[in-house]
Amino acid sequence: MKTIRPGQLVYWKDSASIVLELKGLTEAVIRKNDDASVEVVRCADLRTSPKVESTTGSSHLTLDHDDWNETLERYSVIKPLLNGRRSMEDIKKAAERSGKSVPTIYRWIKKYEKTGLVSSLSRSIRIDKGEERLSEDVHKIVKQLIDEYYLKTERRSVPKLHKRVEEACRAQGLPTPHLNTLYSRVNNIDEGEKIKKRFGSKIYRDNFMPAVGEFPGANYPNAVVQIDHTPVDVIIVDEEHRLPIGRPFLTIALDVATKMVTGFRMTLDHPSALSAGLCIAHAVQDKSHWLAKRDILADWPIHGKMAKIHVDNAKEFRGNMLRRACDQHDIILEYRPKHQPNYGPHVERAFRTFMAECHSLEGTTFSNVKAKVEYNSEKKACMTLDELELWFTIFIVYCYHNTKHSGNGGIPPINKYNQFVYGSDNQLGVGLPARVQDEETFRLDFTPYLERTIQRTGALVNYVHYYSPVLRKWISAIDQSTNKAKKFIFAYDPRDISVVYFLDPDTHTYVPIPYLNSARPAISYWELKAALKRVKTDPHNQPDEDAIFKGVQLMRELEEQAIERSRLAKVQRTREKRSLRNTQRRKQSLGVHQFPKVECPVGPVEDPLDELILPFDDIEVG
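Residue 14 is where the sequence shown starts when you use my numbering, and the numbers rise one by one after that.
So this is what it looks like as structure tokens:
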């Protein structure tokens, strides 16, 4: 993981510079190499590599399965050499193990360090495109012999494994894979798994299992980030009519080493791969501009790519999109092992802290029915989703980060982060995290995508047509390997599908593509699904773009009418309650001001108080 620390080469406004010192958690003093001038700059404006004009962006989505695996194998070769402390001997050993030349290893390292993306190691042009590579039968033989022959306590070598593979392939009349292929496959096996199966459980426990109460590998900021979801114990209201609409869901990313919240996502939608992806994108971004837009003056200094994301086994964390995006950005996606208390439920404890704070808000649902008693959460609800998000942000950056944390030995999360950055008496400082070069591309890598052909009317994505002149050169394109219509990647943000993002095969960058019909309103993917369901209820109707948007319009009108009826009903109930209250007050007034009748022997005397003036019905008394 790249960090910014004194003595490091960085780039500020495309000018190579040296970091002289860090100032706080957000600034650094640098000396420019071109004129030796000294500047105090924001750390978020520094890069650890030169700016790349044409980034390889997200070519990981355009690679087929074999090419992607080959790219990952190349990365596994150079990964141990990316810590900045490599020697010529290390390069030679890597070249020898992989069967590549020393210049090739240097070239791979340079490619990766220039972009920070694993896909930069893919072949620019496949010279063997269309030729047969390892067949499925050969894959099965290799996997079986690795499991049954190599991963055994006899600790047999890779050349011996290759000999067994050769014998098995020859017996079935199959081509034998190269020795280097087996080295790559073996190198991709988790090191802990190799040690456990080849050396035994005791050696594995001594070297890889953490001591009880510790979280493995969480020894610096962004080393391990835990992500999880929970419903918030507060009912929120809509923006327009301030009527209760339910409980939102909160997704947070928690840095295990410091207990700082690195990012979060609050939404009314149920937890999904999208909410997890957007939470990850928020966690890595520099949040200074994000805070400024909300007029929050506090610092939220933690940002940058995490080395490992730790999640539970929920289905939203097991999709291909999340896995491949993590691979592209060299983030390990790890699932929580069952019955392992040392993996500490840090994120669950954080949720309990946050929900306890929410219980002081108007509209809280509390944590259970017993605690709620007779509290009317819906009646008390007063915050919109945006207002609750702002409240939660303020709580995080002002309160939670500056409060003593038992998981840190009583040290507040922000102070613990400061210790890691600058160091202490018994540990060296790790510096500040480097900023992700292209935060928008990073975000789009963690959104859903589809593969679609491009025709004269553009691309048809989810029954809606999209078009931009940039698509013109790809109209009716043919995939040379299949001789069928070529499919292209279109990423989309389900919250607003008025725009999709075309992954240009030439530049490997995302290009926004709007509706073909610009008069269409912006809608969400969930509105689209509801409209499709409505259209399909009529057997004579087939999904059609005009019908879909007509359905969305009708649903919005129904929603507005329902909201208006609810509002009028609420107003009517308020009037009735007010009238009843005023009637009761009028009766109380009569009881206070009316005198008892007195028998007079002379005859009736006109009492001036008999004609009591009552308050108007719509004016409250008292």
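Here a beta-carbon is modelled for each residue, glycine too, at the ideal position from N, C-alpha and C.
Put residue i into one of helix, strand or coil per three-state DSSP.
i: V245; result: coil
i: D268; result: strand
i: E375; result: coil
i: V131; result: helix
i: S214; result: helix
i: L571; result: helix
i: Y480; result: coil
i: V171; result: helix
i: Q185; result: coil
i: L457; result: helix
i: P547; result: One detail in the question is off: residue 547 reads as Arg in this sequence, not Pro. The answer is helix: DSSP assigns R547 an H, G or I state.
i: K153; result: helix
i: P93; result: helix
i: Q566; result: helix
i: I31; result: strand
i: I258; result: strand
i: K176; result: helix
i: L529; result: coil
i: R136; result: coil
i: I240; result: strand
i: R120; result: helix
i: L13; result: The question about residue 13 has no answer here: the residues shown for the chain are numbered 14 through 635.
i: Y162; result: helix
Quick check on the burial criterion: 16 or more other C-beta atoms within 10 angstroms. Buried or exposed for residue i?
i: Q341; result: buried
i: V51; result: exposed
i: A29; result: exposed
i: D492; result: exposed
i: V23; result: buried
i: G37; result: exposed
i: Q185; result: exposed
i: P525; result: exposed
i: V32; result: buried
i: A575; result: exposed
i: E83; result: buried
i: I43; result: buried
i: A57; result: buried
Would the beta-carbon of residue i fall within 8 Å of that of residue j?
i: I344; j: K318; result: yes
i: M568; j: I427; result: no
i: D80; j: S135; result: yes
i: L398; j: R307; result: no
i: V178; j: Y196; result: no
i: A447; j: K15; result: yes
i: F364; j: T271; result: no
i: G259; j: L281; result: yes
i: P313; j: K300; result: The displayed chain sequence assigns Trp, not Pro, to residue 313. In this structure, K300 lies closer than 8 Å to W313 by Cβ.
i: S214; j: K127; result: no
i: P510; j: L541; result: Residue identity check: residue 510 is Ile in the sequence provided, not Pro. Their beta carbons are under 8 Å apart, which means I510 touches L541 by this criterion.
i: V474; j: L457; result: no
i: A250; j: M396; result: Strictly speaking, residue 250 in this sequence is Val, with Ala absent from that position. The answer is yes: Cβ separation under 8 Å.
i: P556; j: V548; result: yes
i: K429; j: N439; result: no
i: D246; j: C412; result: no
Quick one: give me the first and last residue of the beta strand (DSSP E) that residue i is part of.
i: K321; result: K321 to V324
i: G276; result: V274 to T280
i: R44; result: E40 to K45
i: E52; result: V51 to R55
i: Y24; result: L22 to W25
i: A649; result: Missing from the structure shown is residue 649; the chain here goes from 14 to 635 and no further.
i: V473; result: For the record, residue 473 in the displayed sequence is Leu; it is not Val. It spans A472 to V474 - the beta strand (DSSP E) in which L473 sits, taken as one unbroken run.
What are the partner residues of residue i, as DSSP defines its beta bridges?
i: L346; result: I322
i: I17; result: L445
i: D492; result: K497
i: Q341; result: Answer is none; Q341 lacks a bridge partner.
i: I502; result: E464
i: G317; result: Paired residues: none, contrary to the question.
i: L6; result: This structure cannot speak to residue 6, because the chain is shown only from 14 to 635.
i: R36; result: Reading off the sequence shown, one finds Lys at residue 36, where the question assumed Arg. The partner list for K36 (beta bridge, DSSP) reads E40.
Looking at the secondary structure, which residues open and close the alpha helix (DSSP H) in which residue i lies?
i: G290; result: A286 to V297
i: Y514; result: Y514 -> not in any alpha helix (DSSP H); beta strand (DSSP E) instead, spanning V512 to L516.
i: E400; result: L398 to I407
i: K417; result: Note, K417: premise wrong, no alpha helix (DSSP H); not H, not E.
i: S114; result: Counting along the chain, S114 falls outside any alpha helix (DSSP H), and DSSP gives it neither H nor E.
i: I427; result: P426 to Y435
i: Y196; result: L192 to N200
i: S301; result: S301 to K306
Beta-carbon of residue i versus every beta-carbon of chain D: anything under 8 Å?
i: H254; result: No chain D appears in the structure shown, which is made up of a single protein chain.
I'd like to confirm something about residue i: is its beta-carbon nearer than 7 Å to some heavy atom of the ligand GDP, or not?
i: K207; result: This structure lacks the ligand GDP, and indeed carries no ligand of any kind.
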